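Student:
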Amino acid sequence: MAKLHIEPKQSEEGEDGAEFQVVEDEGILAWDADSELLVVGQSYPRLEGREKVTGRARYSSDVRLPGQLYARVLRSPYPHARIRNIDITKAEQSPGVHAVICAANVPRIAWYEESVLFDATVRLVGDEIAAVAAESDELAQDALRLIEVDYESLPFVTTIEEALRPDAPKVHDGGNIAGEPTTYERGDPESGLHEADVVVTGDFETPCALHNAFESHGCTASWEGDSLTLWDSTQAIFVVRQQVAEKLKMPEHRVRVIKQHMGGGFGAKQIPWKHDVIAALLSKQAGRPVQLLLDREAENMAAGNRNPTRQHVQLGAKRDGTLTAIVARIEQSAGAYRTGGEASNVSGTYQTLYRCPNVRTEQTAVYTNTGPAVAFRAPGHVEAAFALEQAMDELARALDLDPVALRRRNYAEVDQLEDKPFTLPEGLRLSYDRVTETFGWGERTAQPADSVKRRGVGFAAHDWSGGTGHPPGYAWIELNSDGTADVVTGTQDIGTGARTGLAQVAAEELGLPLANIAFQLGDTATGPYSPVSSGSATQATIGPALRAAAADVKAQLLEVASVVLEIGVGRLSVRDGRVLVDGDTERAIAVGEVMQKIAPHTLQARGARAPNPADMTIRTFGAQCVELEVDTETGEITVLRIVTAHDCGRIINPALVDSQVVGGVTQGVGFALSEERIVDTRLGIVLNANLEEYHVPTVADVPVIEHARVGVPDSAANSTGAKGIGEPPLIPTAPAIANAVFDAIGIRFRAGPLTRQRVLAALAARETNGSGEADS
14 MAKLHIEPKQ
24 SEEGEDGAEF
34 QVVEDEGILA
44 WDADSELLVV
54 GQSYPRLEGR
64 EKVTGRARYS
74 SDVRLPGQLY
84 ARVLRSPYPH
94 ARIRNIDITK
104 AEQSPGVHAV
114 ICAANVPRIA
124 WYEESVLFDA
134 TVRLVGDEIA
144 AVAAESDELA
154 QDALRLIEVD
164 YESLPFVTTI
174 EEALRPDAPK
184 VHDGGNIAGE
194 PTTYERGDPE
204 SGLHEADVVV
214 TGDFETPCAL
224 HNAFESHGCT
234 ASWEGDSLTL
244 WDSTQAIFVV
254 RQQVAEKLKM
264 PEHRVRVIKQ
274 HMGGGFGAKQ
284 IPWKHDVIAA
294 LLSKQAGRPV
304 QLLLDREAEN
314 MAAGNRNPTR
324 QHVQLGAKRD
334 GTLTAIVARI
344 EQSAGAYRTG
354 GEASNVSGTY
364 QTLYRCPNVR
374 TEQTAVYTNT
384 GPAVAFRAPG
394 HVEAAFALEQ
404 AMDELARALD
414 LDPVALRRRN
424 YAEVDQLEDK
434 PFTLPEGLRL
444 SYDRVTETFG
454 WGERTAQPAD
464 SVKRRGVGFA
474 AHDWSGGTGH
484 PPGYAWIELN
494 SDGTADVVTG
504 TQDIGTGART
514 GLAQVAAEEL
524 GLPLANIAFQ
534 LGDTATGPYS
544 PVSSGSATQA
554 TIGPALRAAA
564 ADVKAQLLEV
574 ASVVLEIGVG
584 RLSVRDGRVL
594 VDGDTERAIA
604 VGEVMQKIAP
614 HTLQARGARA
624 PNPADMTIRT
634 FGAQCVELEV
644 DTETGEITVL
654 RIVTAHDCGR
664 IINPALVDSQ
674 VVGGVTQGVG
684 FALSEERIVD
694 TRLGIVLNAN
704 LEEYHVPTVA
714 DVPVIEHARV
724 GVPDSAANST
734 GAKGIGEPPL
744 IPTAPAIANA
754 VFDAIGIRFR
764 AGPLTRQRVL
774 AALAARETNG
784 SGEADS
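Just so we're aligned, residue 14 is where the sequence shown starts under our numbering, counting upward by one.
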């Protein structure tokens, strides 16, 4: 059993939550970097792969219950309006309708920090007004059309610039500043700029990107007496349980949340949304199960997005490239409500990525009458890297230095925020080495000046503050009488292959083949608590807990084997499903044979994730090189090759890691070249809320992607040595592409995405006025 004690929680300033934390000793040491592991480090296929390719995997939209109804939500057609009256009478009388809810017939339930479930004031196109449950989706849509709403249209704002004007319409009564602006400063930035031999200054803008997971948000709600079950597409089953219970004024044990398979989340599904409670209320009123799935347009209007930013950046440096100052002023859109995404830490990258004694960041979030900002794969870091990494390239050119050499010159050996060492301080340097060697950065050559299709190369680096693990997290393991094991956690596999990677950790520590592991997850009623699957932290959180539980079970097994074999425990080990004597495979007995000696008894254990090291900082570092081609006649950018390297610690399953790298880089290509939510500023309507007009990369757009694996275990980070990899590959892609475009055609694009239209406009402007800057 894990040893534990209680201590005051070391909370960050302004952080809410518990005053104390339970600290549990995992009771095991980290695997050595050169440990001979049989299961960990192998590219096993996904455990759920057969279910998925045969169509048996059950997603939220696949749930079918007896008597199930189908729900639709009436959404505001106005970006800002007051609801003077709503009449649901005709909808209630519509054929096949079993429940209709709105503000008039449900409790007032607080939502976000500024609103309620059905608010009398709507603040974006897509805000929820009423909902219907009927025998079919078509009948529910028919009933929605019968709901009569009297609106009073109000002035609105859709951009950061509009929202910050002194005479701007107020999104909320308190004004358009969302939360408290944050300021960080170390050293004397003004003196640092004054002392610099070279100062570069730039204004950058990043677009609003939409998550567009294959599976949209949705859930099915069903009541049995006073107990509610939600089959939900969520990254956070325990968070949904707690908040749904709180909003419906129920005890948590009366709410069960199940999530077995998910078609992606990317951060948008790590919080409960209104549809969870709406489905539960409809089901309660109708007395039947209700399924509520968001269609693509609702998803892209009201279920979250990456927040657009404006960033004013100044870098100062000496002639040798040593940074003397980093200054950034950041403005970001929160959308209409504060969900947490408005606080995405854009500032952090400026504060930590490079060694610099004088740094100041100012960050302000503003309300706009648009969809709410939520976490989106590497929130804050993607936006910051687009600006900072382009500014670093500009500085390198101003100093006549190689871009990689400039970054090496300003290598941060320690965490400058906390003045603590990194758990793997050489992680970024290893990434620089691997990516430049694999790409052949030093061998690149100049191209002919008169080519229509101009080639260029670009480089960008990143750090990632996630991927550290989010304790607490727990796991249970039971070793059965036939030598197989049931592994149970409450975590979520959001499409990353977490089931497989985590099962490999359990199998390795138990000494069993992976085929002998049955893995259960995603159910608050059957698994122990697990935190939200976000921040690339699932493996780093639950892996150590599984190792702790497996080590406990293995110790029990060896005690049993010691008695059965009449040999001291110290001479026994478990490997590949057999108990070995003195490591000799010839003197071995199957684990199942040992367990049969005590049947029907089984061996069980619980494992807990210990806190992260208090005296060190965990980071995932990385870098990318890009080669591309710009057609100066059509404006088309063709990315030819991307090489990427990331310090993600021990690689548990190389195929799964490579899959995450390809997925992240592909999203980075989309963010760089095509993805941008477009809002009609006259009407407040999203003009490209579907996949026909919002352009995500397809197979035809994906370049050759090479993962130059670093693979050095970070044994100081946790007992598995693994760190997060889900988000880092996306971070440096867009700035590396922008830097490569500058290398190709000599035009700096400070606003994304770099569409054909923007490229052609910039080329035309240069012909007219000779500018090397693209208009935003």
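By construction, the Cβ of each residue, glycine as well, lies at the ideal position given by its N, Cα and C atoms.
Since the model is a prediction, treat every value here as computed from it, not as a measurement.
Would you report the Cα separation of residue 508 and residue 485, rounded to the nearest angstrom?
Tutor: What you label residue 508 is simply residue 495 of the sequence shown in a count that begins at 1. What you label residue 485 is simply residue 472 of the sequence shown in a count that begins at 1. C-alpha separation (whole angstroms): 22 Å.
Student: Within its chain, find whatever has a CB closer than 8 Å to the CB of residue 626; leave out the 5 residues flanking it on each side and keep chain order.
Tutor: Within the sequence shown, the letter at position 613 stands for residue 626. Closer than 8 Å at the Cβ level, and outside the excluded window around residue 626, lie 436, 729 and 730.
Student: Within its chain, find whatever has a CB closer than 8 Å to the CB of residue 664; leave out the 5 residues flanking it on each side and keep chain order.
Tutor: To locate residue 664, count along the sequence shown from 1; it is residue 651. 54, 670, 722, 724 and 735, listed in sequence order.
Student: So for residue 434, helix, strand or coil by DSSP?
Tutor: Residue numbering aside, residue 434 sits at position 421 when the sequence shown is read from its first letter. Three-state DSSP puts residue 434 in a strand.
Student: Go ahead and pull the three-state DSSP assignment for residue 291.
Tutor: Within the sequence shown, residue 291 is the residue found at index 278, counting from 1. Residue state, collapsed to three classes: helix.
Student: Over what stretch of residues does the alpha helix (DSSP H) that includes residue 752 continue unbroken?
Tutor: Locating residue 752 in the sequence shown gives position 739, counting from the first residue. Looking at the DSSP string, the run of the alpha helix (DSSP H) that includes residue 752 is 746-758.
Student: By a C-beta neighbour count over all protein chains shown, 10 Å radius and 16 as the cutoff for buried, is residue 198 buried or exposed?
Tutor: Along the sequence shown, read from residue 1 onward, the residue named residue 198 stands at position 185. Exposed: under 16 other Cβ atoms inside 10 Å.
Student: Expressed to the nearest angstrom, what Euclidean distance is found between the alpha-carbon atoms of residue 752 and residue 640?
Tutor: Mapped onto the sequence shown, residue 752 falls at position 739. Mapped onto the sequence shown, residue 640 falls at position 627. Spanning the two alpha carbons is a distance of roughly 10 Å.
Student: From residue 384 to residue 493, what does the alpha carbon distance come to, in whole angstroms?
Tutor: Residue 384 sits at position 371 when you count from the first residue of the sequence shown. Residue 493 sits at position 480 when you count from the first residue of the sequence shown. Approximately 50 Å between the Cα atoms of the pair.
Student: Would you kindly work out how many angstroms separate the C-alpha atoms of residue 564 and residue 270, rounded to a whole number?
Tutor: Taking the first residue of the sequence shown as position 1, residue 564 is located at position 551. Taking the first residue of the sequence shown as position 1, residue 270 is located at position 257. Each residue's CA atom was taken as its position, placing residue 564 and residue 270 some 29 Å apart.
Student: Would you identify the three-state DSSP class for residue 466, choosing helix, strand or coil?
Tutor: Against the sequence shown, residue 466 aligns to sequence position 453. Of the three classes helix, strand and coil, the one that applies to residue 466 here is strand, per DSSP.
Student: Indicate whether at least one CB of chain D lies closer than 8 Å to the CB of residue 95.
Tutor: Reference to chain D is not applicable here, since this structure consists of a single protein chain.
Student: Exposed or buried, residue 227, counting other C-beta atoms within 10 Å across all chains shown (16 or more means buried)?
Tutor: Numbered from 1 along the sequence shown, position 214 holds the residue referred to as residue 227. Of the residues assessed, residue 227 falls on the exposed side of the cut-off, its CB having fewer than 16 other CB atoms within 10 angstroms.
Student: To which residues of the same chain is residue 491 closer than 6 Å at the C-beta, ignoring the five residues directly before and after it?
Tutor: Taking the first residue of the sequence shown as position 1, residue 491 is located at position 478. Result list for residue 491: 499, 615 and 617, in chain order.
Student: Could you spell out where the beta strand (DSSP E) holding residue 539 opens and where it closes?
Tutor: Locating residue 539 in the sequence shown gives position 526, where the first residue counts as 1. Here residue 539 belongs to no beta strand (DSSP E), and DSSP marks it neither H nor E.
Student: I need the straight-line Cα distance from residue 361 to residue 619, nearest angstrom please.
Tutor: Here residue 361 is taken as the residue at index 348 of the sequence shown, counted from 1. Here residue 619 is taken as the residue at index 606 of the sequence shown, counted from 1. For residue 361 and residue 619, the distance between alpha carbons rounds to 36 Å.
Student: For the alpha helix (DSSP H) that residue 605 lies in, which residues bound it at each end?
Tutor: For the purposes of this step, residue 605 is taken as residue 592 along the sequence shown, with counting starting at 1. Where residue 605 is concerned, the enclosing alpha helix (DSSP H) stretches over 604-609.
Student: In this structure, does DSSP put residue 441 in helix, strand or coil?
Tutor: Along the sequence shown, read from residue 1 onward, the residue named residue 441 stands at position 428. Three-state result, residue 441: helix.
Student: Hey, quick one: how far does the alpha helix (DSSP H) through residue 164 stretch, first residue to last?
Tutor: As a first step, residue 164 is located in the sequence shown; it is residue number 151 there, counting from the start. Residue 164 -> not in any alpha helix (DSSP H); beta strand (DSSP E) instead, spanning 161-166.
Student: Opposite residue 616 in the DSSP bridges: which residues?
Tutor: Locating residue 616 in the sequence shown gives position 603, counting from the first residue. Per DSSP, 492.
Student: May I have a chain-ordered list of the alpha helix (DSSP H) segments no shorter than 4 residues that lie completely inside the segment 41-123?
Tutor: 62-66 and 102-105
Student: I believe residue 448 touches residue 657 by the beta-carbon criterion, under 8 Å. Please report the beta-carbon distance rounded to the nearest angstrom.
Tutor: Here residue 448 refers to the residue found at position 435 of the sequence shown. Here residue 657 refers to the residue found at position 644 of the sequence shown. About 7 Å separates the two Cβ atoms, so the contact holds.
Student: If you pair each beta-carbon of the segment 103-116 with each one of the segment 141-159, do three or more pairs fall below 8 Å?
Tutor: Under the three-pair Cβ rule at 8 Å, the segment 103-116 counts as touching the segment 141-159.
Student: Provide the residue(s) that pair with residue 318 in DSSP beta bridges, ordered along the chain.
Tutor: On the sequence shown, position 305 is the one that residue 318 refers to. For residue 318, which the question treats as bridged, DSSP gives the partners 386.
Student: From 688, 705, 87 and 636, pick the residue whose C-alpha is nearest to that of residue 674; which is it?
Tutor: Within the sequence shown, numbered from 1, the residue matching residue 674 stands at position 661. Answer by Cα proximity: 636.
Student: Who are the near neighbours of residue 97 in its chain, counting only those whose CB is closer than 8 Å to its CB and skipping five residues on each side?
Tutor: On the sequence shown, residue 97 is found 84 positions in, with the first residue counted as 1. Correct list, in chain order: 163, 164 and 165.
Student: So residue 271 is in the beta strand (DSSP E); what residue range does that whole segment cover?
Tutor: Taking the sequence shown and counting its residues from 1, one reaches residue 271 at position 258. Counting along the chain, the beta strand (DSSP E) containing residue 271 begins and ends at 268-271.
Student: Taking buried to mean at least 16 other C-beta atoms within 10 Å of its own C-beta, is residue 66 buried or exposed?
Tutor: Taking the first residue of the sequence shown as position 1, residue 66 is located at position 53. Result: exposed.
Student: Between the alpha carbons of residue 704 and residue 292, how many angstroms are there, rounded?
Tutor: By 1-based counting over the sequence shown, the position of residue 704 is 691. By 1-based counting over the sequence shown, the position of residue 292 is 279. Looking at the two C-alpha atoms, the distance is approximately 26 Å.
Student: Tell me which residue opens and which closes the beta strand (DSSP E) that residue 653 is part of.
Tutor: Residue mapping note: residue 653 aligns to position 640 of the sequence shown, counting from 1. Residue 653 -> beta strand (DSSP E) spans 650-660.
Student: Quick one: what does DSSP say residue 639 is sitting in, helix, strand or coil?
Tutor: Here residue 639 refers to the residue found at position 626 of the sequence shown. Three-state result, residue 639: strand.
Student: Check for me: the alpha helix (DSSP H) holding residue 513 runs from which residue to which?
Tutor: Here residue 513 is taken as the residue at index 500 of the sequence shown, counted from 1. Segment 511-523, the alpha helix (DSSP H) holding residue 513.
Student: So the beta strand (DSSP E) residue 363 belongs to, where does it begin and stop?
Tutor: To locate residue 363, count along the sequence shown from 1; it is residue 350. Unbroken run through residue 363 is the alpha helix (DSSP H), 360-365; no beta strand (DSSP E).
Student: Sorted by chain position, which residues of the same chain lie with C-beta nearer than 6 Å to residue 566's C-beta, five sequence neighbours on each side aside?
Tutor: By one-based count along the sequence shown, residue 566 stands at place 553. Residues of the same chain with a CB within less than 6 Å of the CB of residue 566, apart from the 5 flanking positions on each side, are 490, 492, 616 and 618 in chain order.
Student: Find the nearest neighbour of residue 481 within the set 546, 421 and 420, judged by alpha-carbon distance.
Tutor: In the sequence shown, counting from the first residue as 1, residue 481 sits at position 468. Residue 546 is the option with its Cα nearest to residue 481.
Student: Does the segment 548-565 come into contact with the segment 698-718, if we say contact requires no fewer than three beta-carbon pairs (one atom in each stretch) closer than 8 Å?
Tutor: no
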